[in-house]
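Have a look at the structure below, then the notes.
Protein chains: 2
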Amino acid sequence: MAATLSDVAQLAGVSIKTVSNVIHDHPNIRPATKQRVLDAIAAVGYRPNLTARNLRSGRTGVISLVLPTLRNPYFAELAEAVIEAAEREGLSVLIEQSRGADAGARASTAQLVDGMLFSTLGSEAEDTGLYAQLPAGPHSPVDHVTMRNTEAIRAATEHLLALGRRRIVALGARPGDTSGAGSLRLLGYRQALAAAGLDSRPELERAVESWTRFDGAAATEALLNSGTPFDGIVAFNDALALGALRTLGQRGIRVPEQVSVIGFDDLDDARYSLPALTTISPGREQIATLAVQMLAERIAERGEPLPARTITVPFALVERESTAQASAD
Amino acid sequence: MAATLSDVAQLAGVSIKTVSNVIHDHPNIRPATKQRVLDAIAAVGYRPNLTARNLRSGRTGVISLVLPTLRNPYFAELAEAVIEAAEREGLSVLIEQSRGADAGARASTAQLVDGMLFSTLGSEAEDTGLYAQLPAGPHSPVDHVTMRNTEAIRAATEHLLALGRRRIVALGARPGDTSGAGSLRLLGYRQALAAAGLDSRPELERAVESWTRFDGAAATEALLNSGTPFDGIVAFNDALALGALRTLGQRGIRVPEQVSVIGFDDLDDARYSLPALTTISPGREQIATLAVQMLAERIAERGEPLPARTITVPFALVERESTAQASAD
DNA sequence: TGCTACGTTTACAACGTTGTAAACGAGGCC
DNA sequence: GGCCTCGTTTACAACGTTGTAAACGTAGCA
Chain A
1 MAATLSDVAQ
11 LAGVSIKTVS
21 NVIHDHPNIR
31 PATKQRVLDA
41 IAAVGYRPNL
51 TARNLRSGRT
61 GVISLVLPTL
71 RNPYFAELAE
81 AVIEAAEREG
91 LSVLIEQSRG
101 ADAGARASTA
111 QLVDGMLFST
121 LGSEAEDTGL
131 YAQLPAGPHS
141 PVDHVTMRNT
151 EAIRAATEHL
161 LALGRRRIVA
171 LGARPGDTSG
181 AGSLRLLGYR
191 QALAAAGLDS
201 RPELERAVES
211 WTRFDGAAAT
221 EALLNSGTPF
231 DGIVAFNDAL
241 ALGALRTLGQ
251 RGIRVPEQVS
261 VIGFDDLDDA
271 RYSLPALTTI
281 SPGREQIATL
291 AVQMLAERIA
301 ERGEPLPART
311 ITVPFALVER
321 ESTAQASAD
Chain B
1 MAATLSDVAQ
11 LAGVSIKTVS
21 NVIHDHPNIR
31 PATKQRVLDA
41 IAAVGYRPNL
51 TARNLRSGRT
61 GVISLVLPTL
71 RNPYFAELAE
81 AVIEAAEREG
91 LSVLIEQSRG
101 ADAGARASTA
111 QLVDGMLFST
121 LGSEAEDTGL
131 YAQLPAGPHS
141 PVDHVTMRNT
151 EAIRAATEHL
161 LALGRRRIVA
171 LGARPGDTSG
181 AGSLRLLGYR
191 QALAAAGLDS
201 RPELERAVES
211 WTRFDGAAAT
221 EALLNSGTPF
231 DGIVAFNDAL
241 ALGALRTLGQ
251 RGIRVPEQVS
261 VIGFDDLDDA
271 RYSLPALTTI
281 SPGREQIATL
291 AVQMLAERIA
301 ERGEPLPART
311 ITVPFALVER
321 ESTAQASAD
């Protein structure tokens with residue numbers, strides 16, 4: 001059994017509270033007493049019971065992060081950023097995988113954590129940053145730290161246009177989407193084409209089931225089979241782009257000579273693909289840091305609920321091999 | 001502020017304990033009373049305070065998983081398997097990233113969790129399964145669920161030998177290693193060669209700094225530059241193998257026609273590389289499940305410490321494109 | 001009518017901690 | 001010598017929950 005304050009107090013011949021005072025470095029403790037207590041602490045191997053401390057303080061120092069699955073590198077990298085940011089705030093992170101069904105997740109540990117972060121709030125949204133919320137009621141204010149979906153994909157598309165590409169595929173559009181990252185990104189793609197005076201062509205907007213490598217490969221396969229000519233691919237995330245690279249490679253289509261490819265997410269994977277993938281770095285670290293900070297603020301301000309806030313972080317375009325200037329063009 | 005048992009009791013006009021009894025479905029509660037309490041619970045939106053419950057019970061229902069980083073897909077996939085297994089045992093998982101320095105990690109949350117899993121116990125070990133331990137003392141017994149490192153790499157090497165490969169590179173050996181996964185795997189490689197009557201050649205045992213894609217690519221680069229002829233690569237993990245594929249691809253060396261490549265880990269990535277990577281599936285799900293179960297057992301048996309146990313799980317060789325039989329051989 | 005029996009509800013204590021406020025004791029000052 | 005002051009230590013209560021055991025009240029039986 002673990003030693004308690006009481007054990008230490010008994011051994012040191014002082015009251016429980018004095019031991020507690022020593023532990024918390026309270027002023028006005030006689031050095032001799034302090035030493036005696038410290039010796040007793042060492043002797044019994046006392047370590048504070050955090051559960052009891054939490055009960056007193058009403059805090060646990062733990063937040064939960066709800067995400068679909070860690071198998072997806074996007075979420076894994078997000079999780080690692082969140083854990084690092086939380087550590088800086090003195091918080092630990094409990095991870096829950098929602099696997100699509102997201103509502104149930106919040107129930108399980110809500111009463112055990114000081115706050116919760118959701119990487120997707122509804123099932124419709126894709127990777128649009130983080131939502132932060134206290135475990136309180138279902139209708140408490142929710143902060144949102146998000147990325148520039150539209151602007152970033154617009155910049156990505158313009159990057160290909162600047163290379164002279166004119167038949168640019170939007171890989172990852174999803175049929176009926178009117179909200180979520182998918183539609184925002186599609187909007188950016190269309191804006192870029194429009195600004196360049198190009199018509200948007202339905203046959204270049206390729207739908208996928210989900211934003212996975214597999215679907216990226218399959219959609220590219222279908223695209224090639226359809227015979228639709230194209231010279232660039234703006235993939236709505238890196239997984240799709242990597243899938244596309246695979247299919248193109250298999251079919252012997254050279255990237256970036258024949259087709260330029262750009263992704264979105266800046267996964268570690270993007271650096272090591274063949275060719276290395278040009279992509280949008282959406283500001284993941286900053287999203288994680290801000291979301292954790294906002295949640296920490298809310299936890300601190302408990303009482304007068306802050307209004308819901310939304311913050312958008314800047315993105316960057318990372319040029320790699322998949323959009324290199326074709327030398328012999 | 002959250003409602004407590006006391007609030008519910010007051011509203012329902014009963015004692016605190018009766019409310020508690022209703023919540024726990026104790027027998028012998030008059031239906032009328034029960035209904036009144038249930039209504040009150042709903043009215044005030046009562047949800048049990050888990051921290052208080054934990055203090056009473058001495059359990060938290062949380063275990064921690066300590067791993068180097070989630071950025072590494074191996075650990076991310078391991079984490080997802082652990083979280084799933086924990087969920088089945090009714091446990092939540094708190095993730096801590098050790099980033100190499102591993103000793104410090106255990107201190108931070110030890111008093112907040114019922115038990116801990118380490119994916120590497122010392123810095124020397126690579127991915128050799130999971131260690132399970134109660135948060136108690138530093139010298140409490142440690143369970144270990146591990147994989148067949150030597151046998152698996154031996155099987156991998158024999159797989160290439162069966163394809164007719166004779167100049168097989170061991171990618172991932174590490175110079176002075178005498179323990180850890182690296183040396184176990186190197187042993188398996190040498191066993192396979194010896195069993196086939198081949199001498200092991202130092203120039204085919206390629207060292208790397210760390211088991212990353214980057215180092216896999218760099219080591220392959222160095223290998224090619226050295227002029228040493230080779231027709232197969234047994235990489236000690238998938239990341240190294242994927243790095244090797246990248247370099248081979250870049251240099252125009254055809255896999256599997258000219259070189260067969262096999263990895264170890266069976267990451268999701270291995271399925272989507274070009275060519276798809278043949279690899280060893282080390283039994284990750286089973287490792288996670290068993291480790292969590294053993295830890296749960298220890299948590300339940302608190303009092304009489306079980307002796308430390310070690311379990312080894314079976315592996316499987318997953319054939320994909322990178323070791324396909326060369327048609328024109 | 002008086003007693004037992006049992007279903008139902010309750011008071012109390014405890015888990016280990018910490019804030020509050022009071023108690024203690026010794027030194028300094030008038 | 002008596003009183004005040006201040007440094008040091010302590011008792012008590014409380015955080016919200018649940019196990020133990022006792023109290024309550026009514027029905028059933030003699």
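Chains as they are written, first to last, in UniProt numbering: chain A, 1 to 329; chain B, 1 to 329.
Here a beta-carbon is modelled for each residue, glycine too, at the ideal position from N, C-alpha and C.
- Between B:Ala2 and B:Arg47, the CB-CB gap stays under 9 angstroms.
- Close to A:Tyr46, with beta-carbon spacing below 9 angstroms, lies no residue of chain B; the smallest spacing is near 11 angstroms.
- The residue among B:Thr278, B:Arg167 and B:Arg246 with its C-alpha nearest the C-alpha of A:Ser273 is B:Arg246.
- Near chain B, meaning a CB-to-CB distance below 8 angstroms, the residues of the segment 247-266 of chain A are Gly249 and Gln250.
- Below the 9 angstroms Cβ cutoff, chain A contributes Asp268, Asp269, Arg271 and Tyr272 as neighbours of B:Arg213, in chain order.
- The residue from B:Ala239, B:Val82 and B:Leu134 with its alpha-carbon nearest to that of B:Gly216 is B:Ala239.
- Remark: fewer than three beta-carbon pairs, one from each stretch, lie closer than 8 angstroms, so the segment 140-151 of chain A and the segment 77-93 of chain A are not flagged as touching.
- If the five residues before and after B:Gln97 are omitted, its C-beta is found closer than 6 angstroms to the C-beta atoms of Thr69, all from its own chain and listed in chain order.
- Within the model, the alpha-carbon separation for B:Gly197 versus B:Arg165 is close to 13 angstroms.
- In the structure shown, the three-state DSSP call for A:Glu80 is helix.
- For the pair B:Arg88 and B:Val313, the Cα-to-Cα distance works out to about 20 angstroms.
- One Cα belongs to B:Pro307, the other to B:Phe315, and the distance between them is close to 26 angstroms.
- With a cut-off of 8 angstroms on Cβ pairs, the segment 168-181 of chain A is not in contact with the segment 273-291 of chain A, counting fewer than three such pairs.
- Within the same chain, and ignoring the five residues on either side of A:Gly115 in sequence, the residues whose Cβ sits closer than 6 angstroms to its Cβ are Ile63, Leu134, Leu295 and Ile299.
- Inter-segment contact for the segment 187-196 of chain B and the segment 214-229 of chain B is absent: fewer than three beta-carbon pairs are separated by less than 8 angstroms.
- Collapsing the DSSP output to three states places B:Phe75 in a helix.
- The alpha carbon of A:Gln286 has as its nearest neighbour, out of A:Pro202, A:Thr146, A:Arg53 and A:Ala155, the alpha carbon of A:Thr146.
- DSSP places A:Glu285 in the uninterrupted alpha helix (DSSP H) bounded by Arg284 to Ala300.
- Under the 9 angstroms criterion on CB atoms, A:Pro305 is classed as non-interfacial with respect to chain B.
- By the criterion of at least three beta-carbon pairs nearer than 8 angstroms, the segment 155-172 of chain B is in contact with the segment 252-262 of chain B.
- Note: B:Gly232 is bridge-paired with B:Ile168 and B:Ser260 in the DSSP secondary-structure output.
- Secondary structure at B:Tyr131: strand, using DSSP grouped into helix, strand and coil.
- Secondary structure of A:Asp7 (DSSP, three-state): helix.
- Closer than 9 angstroms to the CB of A:Gly172 there is not a single CB belonging to chain B.
- Around A:Trp211, the same chain offers Glu126, Gly172, Phe236, Asn237, Ala239 and Leu240 as residues with beta carbons nearer than 7 angstroms, after the five sequence neighbours per side are excluded.
- When the beta-carbon positions are compared, B:Val8 and B:Val44 come within less than 9 angstroms of each other.
- Neighbours of B:Gln35 in chain A, taken as residues whose beta carbon is under 7 angstroms from its own, are absent, since the nearest beta carbon is some 23 angstroms off.
- Not flagged as an interface residue toward chain B: A:Arg88, since no C-beta distance is shorter than 9 angstroms.
- By the CB criterion at 9 angstroms, B:Val19 and B:Ala40 fall inside the cutoff.
- Remark: C-beta atoms of A:Glu151 and A:Arg284 do not approach each other more closely than 9 angstroms.
- At least one CB of chain A lies nearer than 9 angstroms to the CB of B:Arg71.
- Using a CB distance cut-off of 9 angstroms, B:Ile95 counts as an interface residue toward chain A.
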